[in-house]
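A short worksheet on the structure shown next.
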Amino acid sequence: MLKKKDFVDIEFTARIKDGEVFDTNVEENARNAEEAKPLKVCIGEKMILKGFDDALEGKETGKEYEIDLKPENAFGFRDPKLVKIIPISVFSEKNISPHAGMLFDFDGIVAKISSVSGGRVLVDFNNPLAGKNIVYQFKILRKIDDKNEQMKILSEFCLGTDKFEMKNGKAIFEGNFSRQSFESFSKKVREILGIEAEQKKTSEESVEMKGIKISKA
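Here the sequence shown stands for residues 3 to 219, numbered as in the numbering used here.
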């Protein structure tokens, strides 16, 4: 039986109950080869949807399962406060002509245009799956015991990279990660794998300038 902190490789298909598939890594169900990539996670570390994550505990490798998640255990309920009115001039400045049903990226958040009236655009920032019952069909292909692969899974999720070097029993990561994010990652690695992680900063410091970005999603 699988438990928290176990690393697993999962095959899955997720769909809206009585509706269409919205996510999968099963090749025959995927729209393209890129979608059919492995899903490798550490159970209980919030790498996937909480309801799906919780369901992995107590399961066995090689068996097929199906779970039905209500909104509170999936993508939550719709929030009226996340429906905003944005001046059409914000879109015009980016050479975007908004129309109902259009998806766009607003500073990293995908939103949907509900309507356009005069100089006002009604924008819905709710997750498109909010308020819906979700069904997951999945099979745990294998339990991952290799420390090197486990480290890659954690580092890719937490730091966005799976590149590191093992030196004197420590995992050395080269890059300018923020102090807070790397300290949090190091603590997690120490707790789960019993390995120390160190950061080797590159010679050039990178500064991220973050502003509002709007583009077609």
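Virtual Cβ for every residue (Gly too), placed ideally from N, Cα, C.
Once DSSP output is grouped into helix, strand and coil, what is the label at L143? Under the three-state reduction of DSSP output, L143 falls in the strand class.
At least three beta-carbon pairs within less than 8 Å, the segment 171 to 181 to the segment 127 to 136: In short, these stretches do not touch, since the Cβ pair count stays below three.
For M104, does the three-state DSSP call read helix, strand or coil? Coil.
Can the beta-carbon of M159 be found closer than 9 Å to that of V43? Reading the sequence as shown, one finds Phe at residue 159 and not Met. Yes.
Backbone CA spacing between G53 and G162 [nearest angstrom]: Distance from the CA of G53 to the CA of G162, rounded to the nearest whole angstrom, comes to 24 Å.
Name the one or two DSSP bridge partners that D81 has. DSSP output for D81 lists no bridge partner at all.
Using a Cβ-Cβ cut-off of 6 Å (strictly less than) and excluding sequence neighbours within five positions of K7, which residues of its own chain qualify? Apart from sequence neighbours up to five positions away, the residues of its chain that approach K7 with a beta-carbon distance below 6 Å are I194, ordered along the chain.
Among R144, I174, M153 and R17, whose alpha-carbon lies nearest the alpha-carbon of K72? Comparing Cα-Cα distances from K72 to each of R144, I174, M153 and R17, the minimum goes to R17.
Taking A303 as part of the beta strand (DSSP E), name the residues at either end of that continuous run. Coverage of the chain is limited to positions 3 through 219, which leaves residue 303 absent and any answer about it impossible.
Comparing C-alpha positions only, which one of D56, G21, E66 and E59 sits nearest to F14? The closest CA to that of F14, considering only D56, G21, E66 and E59, is found on E66.
So what's E66 in DSSP terms, helix, strand or just coil? Strand at E66.
If distances are taken between C-alpha atoms only, which option among F24, M49, K19 and E62 comes closest to M144? Reading the sequence as shown, one finds Arg at residue 144 and not Met. When each option's Cα is compared against that of R144, the closest is E62.
Looking at the structure shown, is S180 part of a helix, part of a strand, or coil, going by DSSP? Of the three classes helix, strand and coil, the one that applies to S180 here is coil, per DSSP.
Which of helix, strand or coil DSSP assigns to L4: The three-state secondary structure of L4, taken from DSSP, is coil.
Just to confirm, are I69 and F140 a CB contact at a threshold of 9 Å? Yes, Cβ-Cβ distance for I69 and F140 is below 9 Å.
Between I197, I174 and G196, which has its C-alpha nearest T204's C-alpha? Each of I197, I174 and G196 was checked against the Cα of T204, and the nearest Cα belongs to I174.
For A57, report the span of its alpha helix (DSSP H) as first-last. A57 -> alpha helix (DSSP H) spans K52 to L58.
Less than 9 Å separating the beta-carbons of E198 and K165? No, Cβ-Cβ distance for E198 and K165 is not below 9 Å.
Cβ separation of L4 and E59, assumed to be a contact under 8 Å, to the nearest whole Å: About 6 Å separates the two Cβ atoms, so the contact holds.
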